[in-house]
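Here the sequence shown stands for residues 20 to 326, where the numbers follow our numbering.
Shown next, in structure tokens, is the structure this report addresses.
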Amino acid sequence: MFQCKQRCFRKIYRNQRRINKIVVVHSRNLLLFYCKFTYNNFMAQIPDTHLILNADKSQYHLNLRPNELAENVILVGDPDRVPILSALLDTIEVKKQKREYVTHTGMYKGKRISILSTGIGTGNIDIVMNELDALVNIDVDRREVKENLKKLNIIRIGTSGAIQADIAPGEFVLSRYTMGLDNLLDFYLLPQDYDEEQISINLKNQLPSEPYFYICEGEKMLLNSFPQEIKRGITCVAPGFYAPQNRQLRAPIKYAGLFDVLQNFSYQDLRITNLEMEASAIYGLGKILGHRCCTIDLILANRVHNT
């Protein structure tokens with residue numbers, strides 16, 4: 020009698036497991052189908068409130084149409100720097116401006132180049148990178164992602180402050196990696212490779228009280244196109260100009276020990292070399308959207324020597 024009950028229980032258990040498995044698989048398939056259906060329908064036509072356009076179907080903030088953007092893009096922060104750089108072009112075919120976003124597109128030695136100002140901070144970079152991508156990878160008439168995606172070459176030419184004693188004002192620094200102290204990329208699904216994860220782990224072990232940060236690598240092909248004698252390092256990108264960059268006027272600073280950690284950190288002979296406010300979002304969104312990005316900064320001050 021006892022053995023009969025055992026066999027019955029085992030049979031019921033096996034059947035229940037089979038039913039549970041069918042339910043789980045069925046539920047998973049329904050979920051995958053729902054996600055795929057939702058994604059495909061969303062991608063089939065991007066809503067008006069997601070892809071916002073001007074009356075002439077130019078991008079809402081950049082005020083650009085697809086034919087007005089070159090494949091090679093130079094980003095600067097200050098709008099006043101755009102005409103300084105565009106004066107070096109052989110010809111200029113496009114001049115557009117809306118708010119702080121100024122764009123000049125023209126030819127330089129047979130190459131078409133767009134020079135664009137981003138304004139200050141990673142919030143502005145969120146707008147710039149998404150709208151640059153939309154210009155080349157979204158059909159604005161049909162509001163659909165194009166089947167064949169394009170890669171832009173995006174180079175930021177910025178200004179920065181050095182946090183290493185041996186980097187003098189007037190030198191250039193290339194950002195091999197960026198360390199973003201802003202939280203912009205926390206709202207995106209950012210893939211990380213081995214070295215990016217290792218830098219993050221090593222930094223987390225050294226920070227006295229951990230602020231949020233993320234690590235992104237620049238495009239090797241673009242970085243390697245610059246002379247090898249230019250210093251390369253990890254650029255720390257701050258979400259502000261004062262306390263986030265260890266400057267104090269009257270407001271007290273929360274992470275007083277952060278500056279020392281940044282100065283003393285190294286990974287595979289790469290140091291954290293300088294501070295600025297844009298490059299990490301360029302690298303992160305460039306990686307997500309599939310564009311080639313690098314940053315080169317002119318050092319205006321040395322924070323160690325206060326010069």
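The beta carbon of each residue, even a glycine, is placed where N, CA and C say it ideally should be.
Residues sharing a beta bridge with residue i, DSSP
i: D158; result: E163
i: K115; result: T122
i: K130; result: Y127
i: I174; result: I93, C313
i: A320; result: G180
i: S136; result: V95
Reduced DSSP category for residue i - H, G, I as helix; E, B as strand; rest coil
i: F191; result: strand
i: E236; result: strand
i: M198; result: strand
i: Q64; result: coil
i: T110; result: strand
i: N325; result: coil
i: S77; result: coil
i: L88; result: coil
i: L72; result: strand
i: N143; result: helix
i: D185; result: coil
i: K55; result: In this prediction, K55 has a pLDDT of 44, which is less than 50 and means its spatial position is unreliable; nothing more can be read from the coordinates.
i: K169; result: coil
i: N82; result: coil
Residue from the options whose Cα sits closest to the Cα of residue i
i: V147; options: A275, N321, E216, E119; result: E119
i: I65; options: G125, D160, M198; result: D160
i: Y274; options: E236, G305, C312, Q264; result: Q264
i: R311; options: A262, S244, Y127; result: S244
i: E87; options: V280, G142, V121, R162; result: V121
i: L304; options: G125, I182, G237; result: G237
i: K128; options: A298, G138, N143, S105; result: S105
i: S285; options: K223, K306, Q247; result: K223
i: R84; options: I272, Q211, N156, L208; result: N156
i: A89; options: K169, F191, I186; result: K169
i: M296; options: L319, I220, D288, I139; result: I139
i: G189; options: Y196, R195, Y261, G177; result: G177
i: I144; options: A300, H324, T326; result: A300
i: G209; options: D75, K306, K76; result: The sequence shown places Leu at residue 209, rather than the Gly named in the question. Out of D75, K306, K76, K306 has the C-alpha closest to the C-alpha of L209.
i: H324; options: I249, D185, N202; result: D185
i: L277; options: Q287, R269, A262; result: A262
i: Q211; options: D201, L200, Y196, Q225; result: Y196
i: N82; options: A153, I218, D109, G125; result: A153
i: N321; options: G180, I111, A74; result: G180
i: D109; options: S133, Q116, Q282, K115; result: S133
i: R130; options: E112, Q116, K117; result: What sits at residue 130 in the sequence shown is Lys, not Arg. Of the listed residues, the one whose Cα sits closest to K130 is E112.
i: P258; options: Y302, P98, N202; result: N202
Contact belief for residue i with residue j at Cβ below 8 Å, rounded distance in angstroms
i: L193; j: L171; result: That pair is no contact at about 19 Å.
i: L94; j: R175; result: 4 Å
i: I220; j: M198; result: Contact flag wrong, Cβ pair sits at about 13 Å.
i: A187; j: I318; result: 7 Å
i: N293; j: T326; result: With a Cβ gap of about 14 Å, N293 and T326 do not count as contacting.
i: I249; j: I182; result: No, I249 and I182 are not in contact; Cβ-Cβ is about 17 Å, not under 8 Å.
Inset, instruction - Let me know the alpha helix (DSSP H) ranges lying completely inside the stretch 200-225, each 4 residues or longer, listed in chain order. - result: 213-225
Inset, instruction - Let me know the alpha helix (DSSP H) ranges lying completely inside the stretch 228-296, each 4 residues or longer, listed in chain order. - result: 239-242, 277-283
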